[in-house]
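Q: Residue numbers (our numbering): 11 to 211.
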């Protein structure tokens, strides 16, 4: 019974997602009728300005938003399983702070701006931060302890957050804008490249 109820909720969720996706393709600074959106999806016409808006601007933004949301949900589920805490999230173990430090280093010192660069830097920083937290949160007698993990993650987040703040304050205006755009999580100007990176990741 419970399994059947979950399937119903899952089906309802997919239907709502599809309706919201269609609405996101139709609504914007230039409203597009739903019929035109469906026509653009079925048979793309490069000579039609509305079709260009749908495929070049709104479809990449939609795909990026959906994949990013799925990735955030998966990350939260993993953190809850690891810490055995229903309220856990990546920031609790310093994962977010590690990713932020790595990205701001790449932006300020290396001048990196492409989404693929951000992904690899964030993955590296998050992985290193997670490894440090697990080492700090491990007890010799009992192994990994959820409470020690949370405390280690909170402490590391404070330190890395301070480092990130110092680097951002002293960064150039261009580097600051690039990092702010990444940290805010905006899908403005999203491209198929970003969507592919998210799908692979």
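In this text, a Cβ means the ideal position worked out from N, Cα and C, and glycines have one as well.
So is residue 19 buried or exposed if we call it buried at 16+ other beta carbons inside 10 Å?
A: exposed
Q: Can you tell me which of 76, 51 and 90 puts its alpha carbon nearest to the alpha carbon of residue 66?
A: 51
Q: Are there three or more Cβ pairs, one per stretch, closer than 8 Å when the segment 134-144 is compared with the segment 191-206?
A: no
Q: Less than 8 Å separating the beta-carbons of residue 35 and residue 26?
A: no
Q: Here's a check: name, in chain order, each residue in its chain whose Cβ is nearer than 7 Å to the Cβ of residue 111, leaving out the five neighbours to either side.
A: 135, 170, 173 and 174
Q: Roughly how many whole angstroms lie between the Cα atoms of residue 176 and residue 182?
A: 12 Å
Q: Pull up the DSSP beta-bridge partners for residue 94, would you.
A: Answer by DSSP bridge pairing: none, since residue 94 is not bridged.
Q: Mark residue 71 as exposed unless 16 or more other C-beta atoms lie within 10 angstroms of its C-beta, in which case mark it buried.
A: buried
Q: Starting from the Cα of residue 38, find the closest Cα among 16, 68 and 21 and give me that residue.
A: If you compare the alpha carbons of 16, 68 and 21 with that of residue 38, the shortest gap goes to 68.
Q: On the CB-based measure, 16 or more other CB atoms within 10 Å of its CB, does residue 189 come out buried or exposed?
A: buried
Q: Answer with buried or exposed for residue 106, where buried requires no fewer than 16 other C-beta atoms within 10 angstroms of its C-beta.
A: buried
Q: What's the C-alpha gap between residue 127 and residue 14?
A: 42 Å
Q: What is the rounded straight-line gap between the Cα of residue 80 and the Cα of residue 53?
A: 28 Å
Q: Where does residue 148 fall in DSSP's three states?
A: strand
Q: Apart from the five residues on each side of it in sequence, which residues of its chain come closer than 7 Å, Cβ to Cβ, to residue 132?
A: 109, 112 and 113
Q: Rounded C-beta distance between residue 85 and residue 100? I'm assuming under 8 Å.
A: 5 Å
Q: Let me know the secondary structure DSSP gives residue 198 once reduced to three states.
A: coil
Q: If you check the beta carbons only, do residue 178 and residue 102 fall under 8 Å apart?
A: no
Q: What number of angstroms, rounded off, separates the C-alpha of residue 123 from the C-alpha of residue 168?
A: 26 Å
Q: By alpha-carbon positions, which one of 61, 121, 62 and 74 ends up nearest to residue 203?
A: 74
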